[in-house]
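Chemist: Got a structure for you, questions after.
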Amino acid sequence: MLKFKYGLIYIALIIGLQATDYDNLEEENQQLDEKINHLKQQLTEKGVSPKEMDKDKFEEEYINRSYPKISSKKKEKLLKSFSIADDKSGVFLGGGYAYGELNLSYQGEMLDRYGTNTPSAFKNDININAPVSMISVKFGYQKYFVPYFGTRFYGDLLLGGGVLKENAIKQHVGSFIYVLGAMNTDLLFDMPLDFKTKKHFLGVYAGFGIGLMLYQDKPNQNGRNLVMGGYSSPNFLWKSLIEVDYTFNVGVSLTLYRKHRLEIGTKLPISYLRMGVEEGALYQNKEDDERLLISANNQFKRSSFLLVNYAFIF
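So in UniProt numbering, the last spot in the sequence shown is 314, and the numbers never skip.
Shown next as C-alpha coordinates:
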(Lines of atoms letter the chains of each structure in order from A and count residues from 1; the text may use other names and numbers.)
(Lines give C-alpha, C1' and ligand atoms only; values in the text may rest on other atoms or scores of the structure.)
Protein backbone atom coordinates (compact mmCIF):
# COMPACT_ATOMS: atom_id res chain seq x y z
CA MET A 1 0.00 0.00 0.00
CA LEU A 2 2.87 2.32 0.86
CA LYS A 3 4.52 1.65 -2.52
CA PHE A 4 1.20 2.43 -4.23
CA LYS A 5 1.00 5.79 -2.42
CA TYR A 6 4.56 6.64 -3.40
CA GLY A 7 3.70 5.71 -6.97
CA LEU A 8 0.71 8.09 -6.97
CA ILE A 9 2.86 10.87 -5.51
CA TYR A 10 5.51 10.26 -8.21
CA ILE A 11 2.89 10.38 -10.98
CA ALA A 12 1.39 13.56 -9.51
CA LEU A 13 4.84 15.19 -9.43
CA ILE A 14 5.48 14.25 -13.08
CA ILE A 15 2.10 15.63 -14.15
CA GLY A 16 2.73 18.79 -12.14
CA LEU A 17 6.16 19.29 -13.72
CA GLN A 18 4.74 18.76 -17.21
CA ALA A 19 1.95 21.25 -16.51
CA THR A 20 4.56 23.75 -15.32
CA ASP A 21 6.57 23.21 -18.52
CA TYR A 22 3.47 23.79 -20.66
CA ASP A 23 2.65 26.98 -18.74
CA ASN A 24 6.22 28.25 -19.16
CA LEU A 25 6.17 27.44 -22.88
CA GLU A 26 2.85 29.25 -23.35
CA GLU A 27 4.22 32.29 -21.51
CA GLU A 28 7.40 32.31 -23.66
CA ASN A 29 5.31 32.09 -26.84
CA GLN A 30 3.17 34.99 -25.68
CA GLN A 31 6.26 37.10 -24.95
CA LEU A 32 7.69 36.24 -28.37
CA ASP A 33 4.43 37.25 -30.10
CA GLU A 34 4.52 40.57 -28.24
CA LYS A 35 8.09 41.23 -29.41
CA ILE A 36 7.18 40.40 -33.03
CA ASN A 37 4.16 42.73 -32.93
CA HIS A 38 6.33 45.48 -31.41
CA LEU A 39 8.90 45.12 -34.22
CA LYS A 40 6.11 45.21 -36.83
CA GLN A 41 4.80 48.42 -35.28
CA GLN A 42 8.27 50.01 -35.39
CA LEU A 43 8.67 49.10 -39.07
CA THR A 44 5.23 50.51 -39.89
CA GLU A 45 6.06 53.79 -38.13
CA LYS A 46 9.16 54.07 -40.34
CA GLY A 47 7.12 53.63 -43.51
CA VAL A 48 7.95 49.99 -44.12
CA SER A 49 5.16 47.49 -44.72
CA PRO A 50 6.08 44.15 -43.10
CA LYS A 51 5.20 41.17 -45.25
CA GLU A 52 4.78 37.71 -43.78
CA MET A 53 6.34 34.88 -45.76
CA ASP A 54 4.17 31.93 -46.72
CA LYS A 55 6.03 28.85 -45.47
CA ASP A 56 4.61 26.82 -48.36
CA LYS A 57 6.25 29.22 -50.82
CA PHE A 58 9.53 29.64 -48.98
CA GLU A 59 11.69 28.30 -51.83
CA GLU A 60 10.00 30.58 -54.36
CA GLU A 61 10.43 33.62 -52.11
CA TYR A 62 14.08 32.68 -51.53
CA ILE A 63 14.79 32.38 -55.27
CA ASN A 64 13.02 35.66 -56.09
CA ARG A 65 15.05 37.53 -53.46
CA SER A 66 18.39 35.81 -54.04
CA TYR A 67 18.27 35.62 -57.86
CA PRO A 68 16.03 38.49 -59.02
CA LYS A 69 17.59 38.68 -62.49
CA ILE A 70 17.47 35.04 -63.62
CA SER A 71 14.92 33.90 -66.17
CA SER A 72 11.62 32.29 -65.22
CA LYS A 73 12.82 29.03 -66.80
CA LYS A 74 15.85 28.90 -64.50
CA LYS A 75 13.66 29.79 -61.52
CA GLU A 76 11.36 26.90 -62.38
CA LYS A 77 14.37 24.58 -62.62
CA LEU A 78 15.64 25.70 -59.20
CA LEU A 79 12.18 25.25 -57.66
CA LYS A 80 12.01 21.71 -59.02
CA SER A 81 15.47 21.00 -57.62
CA PHE A 82 14.43 22.23 -54.15
CA SER A 83 11.24 20.16 -54.37
CA ILE A 84 13.13 16.96 -55.20
CA ALA A 85 15.63 17.56 -52.39
CA ASP A 86 12.72 18.14 -50.00
CA ASP A 87 11.05 14.88 -51.09
CA LYS A 88 14.24 12.96 -50.32
CA SER A 89 14.60 14.59 -46.89
CA GLY A 90 12.91 13.58 -43.67
CA VAL A 91 12.78 11.15 -40.80
CA PHE A 92 13.56 7.58 -41.82
CA LEU A 93 13.06 4.14 -40.28
CA GLY A 94 14.60 0.95 -41.55
CA GLY A 95 16.22 -2.38 -40.87
CA GLY A 96 17.88 -5.37 -42.44
CA TYR A 97 20.55 -8.03 -42.07
CA ALA A 98 24.22 -7.90 -41.08
CA TYR A 99 27.01 -10.47 -41.10
CA GLY A 100 30.56 -10.57 -39.78
CA GLU A 101 33.05 -12.51 -37.68
CA LEU A 102 34.40 -12.23 -34.15
CA ASN A 103 37.93 -13.30 -33.20
CA LEU A 104 38.69 -14.14 -29.57
CA SER A 105 41.74 -15.55 -27.83
CA TYR A 106 43.12 -16.19 -24.35
CA GLN A 107 46.81 -16.72 -23.63
CA GLY A 108 48.68 -16.56 -20.34
CA GLU A 109 48.01 -16.71 -16.63
CA MET A 110 44.88 -15.97 -14.61
CA LEU A 111 44.24 -14.38 -11.22
CA ASP A 112 43.29 -16.09 -7.97
CA ARG A 113 40.88 -14.67 -5.39
CA TYR A 114 43.69 -12.50 -3.95
CA GLY A 115 44.62 -10.96 -7.30
CA THR A 116 47.82 -13.00 -7.59
CA ASN A 117 48.90 -14.52 -10.88
CA THR A 118 48.14 -18.23 -11.10
CA PRO A 119 48.35 -20.83 -13.91
CA SER A 120 45.56 -20.79 -16.47
CA ALA A 121 42.49 -22.98 -15.97
CA PHE A 122 42.66 -23.88 -19.68
CA LYS A 123 44.73 -26.85 -20.80
CA ASN A 124 46.02 -24.87 -23.82
CA ASP A 125 45.82 -21.37 -25.27
CA ILE A 126 42.40 -20.56 -26.71
CA ASN A 127 41.85 -19.18 -30.23
CA ILE A 128 38.30 -18.79 -31.50
CA ASN A 129 36.51 -17.71 -34.68
CA ALA A 130 32.81 -16.92 -34.35
CA PRO A 131 30.68 -16.05 -37.40
CA VAL A 132 27.83 -13.75 -36.35
CA SER A 133 24.52 -13.11 -38.11
CA MET A 134 22.58 -10.06 -36.95
CA ILE A 135 19.35 -8.21 -37.49
CA SER A 136 19.69 -4.44 -37.78
CA VAL A 137 17.35 -1.55 -37.01
CA LYS A 138 18.02 2.14 -37.65
CA PHE A 139 16.20 5.42 -37.11
CA GLY A 140 17.25 8.95 -37.95
CA TYR A 141 16.91 12.05 -40.11
CA GLN A 142 18.40 12.87 -43.51
CA LYS A 143 18.56 16.23 -45.26
CA TYR A 144 19.28 16.78 -48.95
CA PHE A 145 20.43 20.29 -49.85
CA VAL A 146 20.17 19.54 -53.57
CA PRO A 147 18.97 16.32 -55.25
CA TYR A 148 22.54 15.03 -55.47
CA PHE A 149 24.01 15.74 -52.03
CA GLY A 150 22.83 15.39 -48.46
CA THR A 151 23.71 14.28 -44.96
CA ARG A 152 22.10 12.19 -42.27
CA PHE A 153 22.28 11.53 -38.54
CA TYR A 154 20.94 8.29 -37.12
CA GLY A 155 21.18 5.57 -34.55
CA ASP A 156 21.38 1.89 -35.41
CA LEU A 157 21.28 -1.36 -33.46
CA LEU A 158 22.79 -4.71 -34.45
CA LEU A 159 21.66 -7.78 -32.50
CA GLY A 160 22.85 -11.32 -33.12
CA GLY A 161 24.63 -14.41 -31.90
CA GLY A 162 26.17 -17.68 -32.95
CA VAL A 163 28.54 -20.47 -31.98
CA LEU A 164 32.18 -20.34 -30.90
CA LYS A 165 34.58 -22.48 -32.94
CA GLU A 166 38.00 -23.28 -31.46
CA ASN A 167 40.67 -23.24 -34.17
CA ALA A 168 42.90 -26.02 -32.77
CA ILE A 169 40.25 -28.69 -32.26
CA LYS A 170 37.96 -27.33 -35.02
CA GLN A 171 34.86 -27.89 -32.91
CA HIS A 172 32.11 -25.73 -31.48
CA VAL A 173 32.95 -24.93 -27.86
CA GLY A 174 30.07 -22.64 -26.89
CA SER A 175 27.63 -19.94 -27.93
CA PHE A 176 27.40 -16.15 -27.59
CA ILE A 177 25.23 -13.07 -27.98
CA TYR A 178 26.46 -9.80 -29.49
CA VAL A 179 24.90 -6.33 -29.46
CA LEU A 180 26.23 -3.13 -31.07
CA GLY A 181 24.38 0.17 -30.80
CA ALA A 182 25.84 3.28 -32.44
CA MET A 183 25.21 6.91 -33.35
CA ASN A 184 26.30 7.72 -36.90
CA THR A 185 26.64 10.62 -39.31
CA ASP A 186 27.09 10.08 -43.06
CA LEU A 187 27.50 12.13 -46.23
CA LEU A 188 25.19 11.09 -49.09
CA PHE A 189 26.02 11.41 -52.80
CA ASP A 190 23.39 10.47 -55.43
CA MET A 191 23.06 10.50 -59.21
CA PRO A 192 19.66 10.19 -60.93
CA LEU A 193 18.92 7.11 -63.00
CA ASP A 194 16.30 9.10 -64.93
CA PHE A 195 17.50 12.66 -65.58
CA LYS A 196 14.07 13.88 -66.66
CA THR A 197 11.88 13.00 -63.66
CA LYS A 198 14.67 12.32 -61.13
CA LYS A 199 12.56 9.79 -59.21
CA HIS A 200 15.22 7.08 -58.89
CA PHE A 201 18.83 7.52 -57.74
CA LEU A 202 22.00 5.46 -57.46
CA GLY A 203 24.41 6.70 -54.83
CA VAL A 204 27.19 6.17 -52.32
CA TYR A 205 27.57 7.13 -48.68
CA ALA A 206 30.44 7.47 -46.23
CA GLY A 207 30.66 8.50 -42.60
CA PHE A 208 31.59 7.67 -39.02
CA GLY A 209 29.93 6.02 -36.06
CA ILE A 210 30.57 5.74 -32.33
CA GLY A 211 28.88 2.85 -30.59
CA LEU A 212 28.72 0.69 -27.50
CA MET A 213 29.20 -3.07 -27.78
CA LEU A 214 28.08 -5.86 -25.45
CA TYR A 215 29.32 -9.47 -25.66
CA GLN A 216 28.53 -12.52 -23.50
CA ASP A 217 29.23 -16.24 -23.96
CA LYS A 218 28.77 -19.67 -22.39
CA PRO A 219 30.50 -23.04 -22.98
CA ASN A 220 29.12 -26.35 -24.20
CA GLN A 221 30.57 -29.75 -23.32
CA ASN A 222 33.41 -29.37 -25.84
CA GLY A 223 34.31 -26.07 -24.20
CA ARG A 224 34.25 -27.59 -20.73
CA ASN A 225 36.64 -30.30 -21.94
CA LEU A 226 39.25 -27.58 -22.64
CA VAL A 227 39.35 -26.67 -18.94
CA MET A 228 41.54 -28.24 -16.25
CA GLY A 229 39.79 -30.99 -14.32
CA GLY A 230 37.62 -29.76 -11.47
CA TYR A 231 37.19 -26.19 -12.73
CA SER A 232 33.95 -24.88 -14.20
CA SER A 233 32.24 -21.60 -15.09
CA PRO A 234 28.84 -20.56 -16.51
CA ASN A 235 30.81 -18.45 -19.04
CA PHE A 236 33.60 -19.40 -21.43
CA LEU A 237 35.77 -16.29 -21.92
CA TRP A 238 33.57 -13.36 -20.87
CA LYS A 239 30.87 -12.86 -18.28
CA SER A 240 30.35 -9.48 -19.94
CA LEU A 241 32.48 -7.40 -22.29
CA ILE A 242 31.58 -3.76 -22.92
CA GLU A 243 33.60 -1.68 -25.39
CA VAL A 244 33.29 1.62 -27.23
CA ASP A 245 33.39 0.83 -30.95
CA TYR A 246 34.63 3.42 -33.48
CA THR A 247 33.41 2.70 -37.01
CA PHE A 248 33.85 3.95 -40.57
CA ASN A 249 30.66 3.51 -42.63
CA VAL A 250 30.74 3.15 -46.41
CA GLY A 251 28.37 1.69 -48.99
CA VAL A 252 26.18 2.07 -52.07
CA SER A 253 22.49 2.92 -52.24
CA LEU A 254 19.49 2.74 -54.54
CA THR A 255 16.64 5.20 -53.96
CA LEU A 256 13.29 4.44 -55.61
CA TYR A 257 10.54 7.05 -55.94
CA ARG A 258 12.62 9.29 -53.63
CA LYS A 259 11.23 7.48 -50.55
CA HIS A 260 12.44 3.87 -50.65
CA ARG A 261 16.16 3.49 -49.93
CA LEU A 262 18.06 0.20 -50.35
CA GLU A 263 21.66 -0.02 -49.14
CA ILE A 264 24.55 -2.46 -49.21
CA GLY A 265 27.39 -1.29 -47.02
CA THR A 266 29.95 -2.13 -44.40
CA LYS A 267 30.96 -1.04 -40.92
CA LEU A 268 34.75 -0.99 -40.81
CA PRO A 269 36.24 -1.11 -37.29
CA ILE A 270 38.66 1.75 -36.61
CA SER A 271 39.45 1.28 -32.93
CA TYR A 272 38.08 -0.05 -29.63
CA LEU A 273 38.04 1.36 -26.12
CA ARG A 274 37.29 -0.81 -23.11
CA MET A 275 35.18 0.87 -20.43
CA GLY A 276 36.94 -0.75 -17.47
CA VAL A 277 33.71 -2.46 -16.39
CA GLU A 278 34.23 -5.72 -18.32
CA GLU A 279 34.23 -9.03 -16.44
CA GLY A 280 36.15 -12.08 -17.60
CA ALA A 281 34.89 -15.59 -16.91
CA LEU A 282 35.47 -16.85 -13.37
CA TYR A 283 36.41 -20.53 -12.99
CA GLN A 284 36.05 -22.35 -9.66
CA ASN A 285 36.58 -25.87 -8.31
CA LYS A 286 34.99 -27.77 -5.41
CA GLU A 287 37.68 -26.47 -3.04
CA ASP A 288 36.44 -22.94 -3.87
CA ASP A 289 39.72 -22.12 -5.60
CA GLU A 290 39.12 -19.31 -8.13
CA ARG A 291 40.82 -18.50 -11.41
CA LEU A 292 39.72 -15.27 -13.12
CA LEU A 293 40.55 -14.51 -16.73
CA ILE A 294 42.74 -11.39 -16.94
CA SER A 295 41.28 -8.70 -19.18
CA ALA A 296 44.66 -7.88 -20.76
CA ASN A 297 45.11 -11.55 -21.80
CA ASN A 298 41.53 -11.82 -23.07
CA GLN A 299 41.59 -10.47 -26.62
CA PHE A 300 38.56 -9.55 -28.73
CA LYS A 301 38.36 -8.24 -32.29
CA ARG A 302 35.63 -8.04 -34.90
CA SER A 303 35.78 -8.07 -38.67
CA SER A 304 34.07 -5.56 -40.92
CA PHE A 305 30.31 -6.08 -40.89
CA LEU A 306 28.43 -6.43 -44.17
CA LEU A 307 24.97 -4.81 -44.04
CA VAL A 308 21.95 -5.03 -46.33
CA ASN A 309 19.28 -2.51 -45.28
CA TYR A 310 16.01 -0.97 -46.37
CA ALA A 311 14.66 2.36 -45.09
CA PHE A 312 11.55 4.41 -45.77
CA ILE A 313 11.76 8.22 -45.69
CA PHE A 314 8.66 9.81 -44.20
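For every residue, glycine included, the Cβ atom is placed at its ideal position computed from N, Cα and C.
By alpha-carbon positions, which one of Tyr-257, Arg-274, Phe-208, Ser-233 ends up nearest to Ala-182?
Modeler: When only C-alpha atoms are compared, the closest one is Phe-208.
Chemist: Just the C-alpha distance for His-260 and Asp-245, rounded to the nearest angstrom, thanks.
Modeler: Their Cα atoms are separated by approximately 29 Å.
Chemist: Rounded to whole angstroms, what is the Cα-Cα separation between Ser-136 and Leu-307?
Modeler: Those two C-alpha atoms are separated by around 8 Å.
Chemist: Quick one: give me the first and last residue of the alpha helix (DSSP H) that Lys-80 is part of.
Modeler: Lys-80 -> alpha helix (DSSP H) spans 72-87.
Chemist: For Gly-223, which three-state DSSP category applies?
Modeler: The answer is helix: DSSP assigns Gly-223 an H, G or I state.
Chemist: Considering only their Cβ atoms, is the gap separating Leu-188 from Gly-203 smaller than 9 Å?
Modeler: The answer is yes: Cβ separation under 9 Å.
Chemist: By how many angstroms is the C-alpha of Tyr-231 removed from the C-alpha of Arg-152?
Modeler: Straight-line Cα distance between these residues: approximately 51 Å.
Chemist: I need the boundaries of the beta strand (DSSP E) containing Ile-270, first residue and last residue.
Modeler: Its beta strand (DSSP E) spans residues 260-274.
Chemist: Cβ of Asn-309 within 9 Å of Cβ of Gly-95?
Modeler: A contact, by the Cβ cut-off of 9 Å.
Chemist: Which whole runs of the beta strand (DSSP E) in the region 178-236 are 3 residues long or more, in chain order?
Modeler: Those beta strand (DSSP E) runs which fall completely within the region 178-236 and span 3+ residues are 201-219.
Chemist: Would you kindly report the start and end of the unbroken beta strand (DSSP E) that includes Ser-136?
Modeler: Its beta strand (DSSP E) spans residues 126-146.
Chemist: Please report the Cβ distance between Gln-299 and Leu-104, rounded to the nearest whole angstrom; I am assuming they are in contact, meaning their Cβ atoms lie under 8 Å.
Modeler: Confirmed, Cβ separation roughly 7 Å.
Chemist: According to DSSP, is Glu-278 part of a helix, a strand, or is it coil?
Modeler: Three-state DSSP puts Glu-278 in coil, outside helix and strand.
Chemist: Within its chain, find whatever has a CB closer than 8 Å to the CB of Asn-167; leave out the 5 residues flanking it on each side and keep chain order.
Modeler: For Asn-167, where only same-chain residues beyond five positions count, the Cβ hits under 8 Å are Asn-127, Ile-128, Asn-129.
Chemist: For Ile-84, which residues of its own chain have a beta-carbon under 6 Å away from its beta-carbon, when the five flanking residues on both sides are left out?
Modeler: Pro-147, Lys-198, listed in sequence order.
Chemist: Cβ of Ala-311 within 9 Å of Cβ of Glu-278?
Modeler: Contact: no.
Chemist: What does residue 315 pair with, by DSSP beta-bridge criteria?
Modeler: Residue 315 falls outside the range modelled here, since the chain spans only 1 to 314, and no answer is possible.
Chemist: According to DSSP, is residue 322 part of a helix, a strand, or is it coil?
Modeler: Past the boundaries of the shown model lies residue 322; the chain is included only from 1 to 314, so the question cannot be answered.
Chemist: Might you give, ordered along the chain, the residues of its own chain that have their beta carbon closer than 6 Å to the beta carbon of Ser-271, omitting 5 neighbours on each side?
Modeler: For Ser-271, where only same-chain residues beyond five positions count, the Cβ hits under 6 Å are Tyr-246.
Chemist: Under the rule that 16 or more other beta-carbon atoms within 10 Å means buried, what is Tyr-205, buried or exposed?
Modeler: Burial call: buried.
Chemist: Helix, strand or coil for Lys-40 per DSSP?
Modeler: Looking at Lys-40 - three-state DSSP - the assignment turns out to be helix.
Chemist: Quick one: what does DSSP say Lys-35 is sitting in, helix, strand or coil?
Modeler: Looking at Lys-35 - three-state DSSP - the assignment turns out to be helix.
Chemist: Can you tell me which of the three DSSP states Gln-284 falls into?
Modeler: Note: Gln-284 maps to strand in three-state DSSP.
Chemist: Grab the span of the beta strand (DSSP E) containing residue 355 for me, first residue to last.
Modeler: Any property of residue 355 remains undetermined from this structure, which presents the chain solely from 1 to 314.
Chemist: From Tyr-6 to Leu-159, what does the alpha carbon distance come to, in whole angstroms?
Modeler: Low confidence applies here, because Tyr-6 scores a pLDDT of 45, under 50, leaving its location unreliable and the question unanswered by this model.
Chemist: Along the beta strand (DSSP E) that carries Tyr-310, what are the first and last residues, could you check?
Modeler: That run of the beta strand (DSSP E) goes 305-313.
Chemist: Classify Glu-290 as helix, strand or coil using the three-state DSSP reduction.
Modeler: Strand at Glu-290.
Chemist: Exposed or buried, what is Thr-255 when buried is set at 16 or more other beta-carbons lying within 10 Å of its beta-carbon?
Modeler: With 16 or more Cβ atoms within 10 Å of its Cβ, Thr-255 is classed as buried.
Chemist: Can you have a look at Gly-33 and say buried or exposed, based on whether 16 or more other CB atoms are within 10 angstroms of its CB?
Modeler: Gly is not the amino acid found at residue 33; the sequence shown has Asp there. Asp-33 should be labelled exposed.
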